[in-house]
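Everything in the sequence shown is counted per the working numbering, starting at 102 for the first residue and increasing by one. Glycine is no exception: its CB is placed at the ideal position from the N, C-alpha and C atoms. Reading through the structure tokens given below for one structure.
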Amino acid sequence: MAPVLLIEGLSKRYGSITVADAVGFQVARGECLGVIGPNGAGKTSVFNLIDGTVSPDGGRILLDGMDVTRRPKHLRARLGMARAYQVPQPFPDLSAFENVLVATTFGAGLSASDAKAVARETLRLTGLWDKREVMAGSLPLLDRKRLELGRALASQPKLLLLDEIAGGLTQMEVVELVALIRSIKPTVAMVWIEHVTHALSAVADRLVAMNFGRVIAEGEPQEVMNSPSVQEVYLGTVLDAPAAD
Ligand SMILES: Nc1ncnc2c1ncn2[C@@H]1O[C@H](COP(=O)(O)OP(=O)(O)OP(=O)(O)O)[C@@H](O)[C@H]1O
Ligand SMILES: [Mg+2]
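Shown next as structure tokens:
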């Protein structure tokens, strides 16, 4: 299957710091590519390059075969890229429904009635239907994560970029979030940066490991986690064992 996202030779330097050094990978619809690596490895920087927050010094970004490397961020969003952040960023004084509605109206550019229908569907999908009238600022963390996912999904993306969305949750909450992410997976191409590796392993088909802006390993999750280069990077820390499927 043709990849939804293909990046090739993506590079970015800030002075003497190389945050991306010829990074390349691809992901197809229905597939989840996990990204691991220590703090400062360049994971979020690669997302910033992919979604157009930052321009690369070199390399290419193809979305559904279209070169978007020099296209502005808002156009990439319109073409089907969406991103969810570790720290959910809802409008706290708007309800869960209104937050998703903002995304369907302005993010996806739908008509008023279509936007409402998609917002309702998204709230059901993310398990927030019963809390649709609750102000986003009053929702507990797991629900704010669901809302963050919902806001990203509201634009009906082809590509979903998740940056440490499981951070800060309890074990039980992670299990619930993983179930939700698994249910979304067939409809999108997903790239998921995550330090909670047991959550990642329950969803990801492949992993990319990064260090110092470079991809140091790529392949089947267990194989990447056990690879000598990854073990060396995490020396002294215990990598969670991948969860059984
Ligand atoms: N705008 C910038 N100017 C200078 N340095 C930057 C800039 N953005 C990121 N960096 C540096 O680039 C490196 C990679 O940062 P990045 O946020 O991509 O890491 P990360 O892998 O996402 O780490 P974490 O797991 O902590 O989120 C870090 O050393 C960071 O300080
Ligand atoms: Mg990061």
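| request: Confirm, please, whether the CB-CB distance from residue 253 to residue 201 is below 8 Å. | output: no
| residue 200 Cβ short of 7 Å to ligand 1 heavy atom set | For ligand 1, not one heavy atom lies less than 7 Å from the Cβ of residue 200.
| said: Between which two residues does the beta strand (DSSP E) holding residue 126 run? | reply: 118 to 128
| request: Return yes when the C-beta of residue 138 is under 7 Å from any heavy atom of ligand 1, and no when it is not. | output: Yes, since a heavy atom of ligand 1 falls inside the 7 Å radius drawn around the Cβ of residue 138.
| Where residue 140 sits in the DSSP three-state scheme | coil
| field | Beta-carbon proximity of residue 109 to residue 166, cut-off 8 Å | value | One thing to note: residue 109 has its Cβ no nearer than 8 Å to the Cβ of residue 166.
| Under a Cβ-count criterion, where at least 16 other Cβ atoms within 10 Å of its own Cβ denotes burial, should residue 321 be classed as buried or exposed? | Exposed.
| Hey, how far is the Cα of residue 247 from the Cα of residue 179? | 22 Å
| field | DSSP-derived helix/strand/coil call for residue 346 | value | Any reading at residue 346 is ruled out, since the residue's pLDDT is 49, under 50, leaving its predicted position unreliable.
| Candidates 172, 115, 126 and 116, of which the one nearest residue 106 by Cα | 126
| So what does residue 309 bridge to, in DSSP terms? | 136 and 319
| request: Note down the Cα distance separating residue 273 from residue 144, rounded to an integer number of angstroms. | output: C-alpha separation (whole angstroms): 26 Å.
| query | Could you give the residue range of the alpha helix (DSSP H) that holds residue 273? | reply | 272 to 285
| Are the CB atoms of residue 295 and residue 135 nearer to each other than 8 Å? | yes
| Nearest CA to the CA of residue 236: which residue from 111, 210, 192 and 203? | 192
| query | Any idea which residues DSSP pairs residue 259 with across the strands? | reply | BP columns for residue 259 are empty, so no partner.
| request: State the Cα-Cα distance for the pair residue 182 and residue 148, rounded to the nearest angstrom. | output: In this structure, the alpha-carbon of residue 182 lies about 11 Å from that of residue 148.
| said: Could you compute how far the alpha carbon of residue 249 sits from the alpha carbon of residue 186? | reply: 7 Å
| residue 314, buried or exposed, once every other Cβ within 10 Å from all chains shown has been counted against 16 | buried
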